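Using the working numbering, the first residue of the sequence shown is number 284, and each one after it goes up by one. Each residue gets a CB set at the ideal place from its N, CA and C atoms; glycine is no exception. The structure presented is a predicted model; accordingly, all values stated were derived computationally and were not measured.
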Amino acid sequence: MSWPMSNEALEALGQELVANGAGAITGYHVAFGDLNLTGQMPRIPEALAFLRDAYGFHQLIDIAGADYPERERRFDVVYHLLSMTTNRRVRIKIETDEDTAVPSVTTVFPCADWYEREAFDMYGVFFEGHPDLRRILTDYGFHGHPLRKDFPMTGYVEVRYDDELKRVVYEPVKSVEWRNWDFLSPWEGIEKGYAPLPGDEKAPAPTETK
284 MSWPMSNEAL
294 EALGQELVAN
304 GAGAITGYHV
314 AFGDLNLTGQ
324 MPRIPEALAF
334 LRDAYGFHQL
344 IDIAGADYPE
354 RERRFDVVYH
364 LLSMTTNRRV
374 RIKIETDEDT
384 AVPSVTTVFP
394 CADWYEREAF
404 DMYGVFFEGH
414 PDLRRILTDY
424 GFHGHPLRKD
434 FPMTGYVEVR
444 YDDELKRVVY
454 EPVKSVEWRN
464 WDFLSPWEGI
474 EKGYAPLPGD
484 EKAPAPTETK
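Put into structure tokens, the structure is as follows:
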């Protein structure tokens, strides 16, 4: 099999997967050299088992999320699969909302354990049947889900070390004004409106000697 797969080959594979997926895979499209599938949320374990057993997608690489607050079902949950034997990749996407739990796929791919916990932590997506659904990236007692579009960029609390208490303390965010960070590298020069960086002064041109 040639690599990368042509769009025609991806189209043919997409049509085959939809036709043979027994309704668990509802559609497909090809974009940027990738095959993207859509599935029914209640049947996602069935769809992944089908892709694994019938088409050799034996590796679940990742479970990603996306938030579209304007939609009734605001979250996309995207499963990325890889076939090592055929050197093919595919992703399948489902939709859910804040209250509807997605069936866990840990029985199909055990590695989904951590991936589903990340989606729960970052987006608040619930997974029904997960053996240990709790936060994995944020701190203890963290409030909210950082990758939701309506989560404030400054967060709700800030953390600092208190010299008097001799411990880390959590406080409501006090500084909410944007800072004028200067990310210039010394070799990029000075842009208008920025103060010179220390040590960025230009050396005088060498004088010619005869």
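Using a Cβ-Cβ cut-off of 7 Å (strictly less than) and excluding sequence neighbours within five positions of residue i, which residues of its own chain qualify?
i	result
Phe410	Ala384, Val385, Ser387, Glu399, Phe403 and Leu416
His413	Ser387, Thr389 and Glu399
Leaving out the 5 sequence neighbours to the left and right, which residues in its chain are closer than 6 Å to residue i when beta-carbon positions are compared?
i	result
Arg326	Ala307
Asn319	His312 and Arg374
With distance defined between alpha-carbon atoms, name the residue in the options nearest to residue i.
i	options	result
Met405	Val391, Thr389, Pro414 and Asp422	Asp422
Phe392	Ile344, Lys457, Asp446 and Val456	Ile344
Gln342	Leu300, Leu331, Asp359 and Tyr351	Leu331
Arg335	Thr369, Asp433 and Ser289	Thr369
Phe425	Phe340, His413, Pro414 and Gly407	Gly407
Ala395	Gly310, Glu381, Asp380 and Leu364	Leu364
Lys269	Thr437, Met367 and Tyr444	No statement about residue 269 is possible, as the shown extent of the chain runs from 284 to 493 and does not include it.
Within 10 angstroms of its Cβ, does residue i collect 16 or more other Cβ (buried), or is it exposed?
i	result
Pro435	exposed
Ala314	exposed
Val442	exposed
Pro328	buried
Tyr439	exposed
Glu378	buried
Leu420	exposed
For residue i, report the span of its alpha helix (DSSP H) as first-last.
i	result
Phe333	Ile327 to Tyr338
Val456	Note, Val456: premise wrong, no alpha helix (DSSP H); not H, not E.
Which same chain residues end up closer than 8 Å to residue i when comparing Cβ atoms and leaving out the 5 residues on each side of it in sequence?
i	result
Gly316	Pro287, Met288, Asn290 and Leu293
Asp380	Glu355, Arg356, Arg357 and Phe358
Assuming residue i contacts residue j (C-beta within less than 8 Å), just tell me the rounded distance between them.
i	j	result
Leu430	Gly322	That belief does not hold up - the Cβ atoms of Leu430 and Gly322 are roughly 22 Å apart, past 8 Å.
Where do the N-terminal and C-terminal ends of the beta strand (DSSP E) with residue i fall, by residue?
i	result
Gly427	Segment: none, Gly427 is in no beta strand (DSSP E) and carries neither H nor E.
Would residue i count as contacting chain C if we go by Cβ distances under 7 Å?
i	result
His426	In the displayed structure, chain C is absent; only one protein chain is listed.
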